[in-house]
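For the sequence shown, the numbering used here begins at 565 and goes up steadily by one.
We treat Cβ as the ideally placed atom computed from N, Cα and C, and that holds for glycine.
A short write-up of the structure that comes next.
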Amino acid sequence: MEGVKEKLDTLTRIEEKTNQNTEKANTYWAEVASLVEEYNQLSTQIKQLITDTNEVLPVNQTLYQETYTQLQQKVTEIKTAQTNANEATNTAEKVLSEAKETDQSLNEIKQYYDEELNPQAETAKNEVANAINQAQENQEVATNLQGEVVHAEAAAVHVQNNQEKIEQQLNTASQPATQEQLVNAQQSVEALNEQANVQNESVQAVVEDLNQLPVIEAADSAPTQTQETGKGVSADEQTQETKAPVSSENATQE
């Protein structure tokens, strides 16, 4: 009975749940967008330190490395926010999917409740009532079983509350307003997915941008661009080590 109640709760409260989930996801995506903007500002600054031959002059290397480290840190922040945003987006999609599935099987759920769950609940309540009545016929038994009686009465009340709740949910779920809420929820999740696609692409662009920047090699004093030697360094590899410059010309000769 609890499982049926939870399914119906998702359907009858789909508007509320979708609003909560999309609001949470939108907050994370806004954070992603803000961090990407901060990254792009730093990227613009660091590219002013790179020559036309894709090198970093010695006079600019300290500032370049400081800015490059900031970019690496910013990418880490972006990926964390992206993970949170995608998880929230997936949750919104999952809840909507569950609500739609419940809506499609509403007739079967109602039949299951009417033919199985409700009769079982009535039987359980009657058994509890009979047991309590029998216990109370004997004062000594009633006294000894007072704790059990209280517990049984509470269980019967819980069953009754579940019955009333499910019947209310079934009635609400069959109303036109619930169908309208499903349509609105679908539109909200679709808009959220569109935003997710845009922001995920912007994150990918940030990662690619970081990967194509020259890496300062630690062993030498001249600048280098790893892609000119055919040895691209990924953002993850760049995050793990800080290198000093070698000119791409010297790197080729070596």
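From the DSSP output, read off the bridge partner residues of residue i.
i	result
V620	I614
Could you name the residues of the same chain whose beta carbon sits closer than 7 Å to that of residue i, not counting the 5 residues immediately before and after it, in chain order?
i	result
E657	V753
A589	A649, A652, T653, A656, L756
A746	Before going on, a small fix: residue 746 reads as Leu here, not Ala. Once the five neighbours on either side are set aside, the close Cβ partners of L746 are I578, A663, K664, D667.
T574	K581, V659, E662, A663, T666
T736	T576, T742
L599	K638, E641, I642, A645
T615	L621
Q732	none
A716	V692, A695, I696
E833	Outside the modelled stretch of the chain, which goes from 565 to 818, sits residue 833, for which no answer is possible.
Straight-line CA distance for residue i to residue j?
i	j	result
L606	D773	11 Å
T666	I730	13 Å
V692	A720	7 Å
L627	T742	59 Å
T644	N748	30 Å
Q750	T576	14 Å
S738	N583	21 Å
V714	P740	42 Å
N618	E765	26 Å
E728	E758	40 Å
E744	W593	27 Å
E570	P683	19 Å
E587	Q698	55 Å
Closest to residue i by CA distance: which of the options is it?
i	options	result
E712	V723, T591, I696, Q727	I696
N604	Q634, T736, N618	Q634
T591	Q743, A760, P778, L621	A760
A597	V620, T742, Y632, E641	E641
V639	P778, V779, A769	A769
With a threshold of 16 other CB atoms inside 10 Å of the CB of residue i, please say whether the residue is buried or exposed.
i	result
N671	exposed
K611	exposed
A783	Note that A783 scores a pLDDT of 40, beneath 50, so its modelled location is shaky and nothing firm can be said.
Q646	buried
N585	buried
A718	exposed
E781	buried
A688	exposed
T608	exposed
P778	buried
V620	buried
Q763	buried
V767	buried
Q629	buried
If we define contact as Cβ-Cβ less than 8 Å, is residue i a contact residue for chain C?
i	result
V721	Among the chains in the structure shown there is no chain C, since it carries only a single protein chain.
Can you give me the Cβ contacts of residue i inside the same chain, cut-off strictly under 8 Å, excluding the 5 residues immediately before and after it?
i	result
L734	L572, L670, I673, K674, Y677
N624	L613
V723	M565, A685, A688, K689
E602	K638
V568	I673, Y676, Y677, L681, I730
T631	L606, Q609, I610, L613
Below 6 Å CB to CB, which residues in the same chain sit around residue i once its five sequence neighbours on both sides are set aside?
i	result
M565	L681, N726
E595	A645
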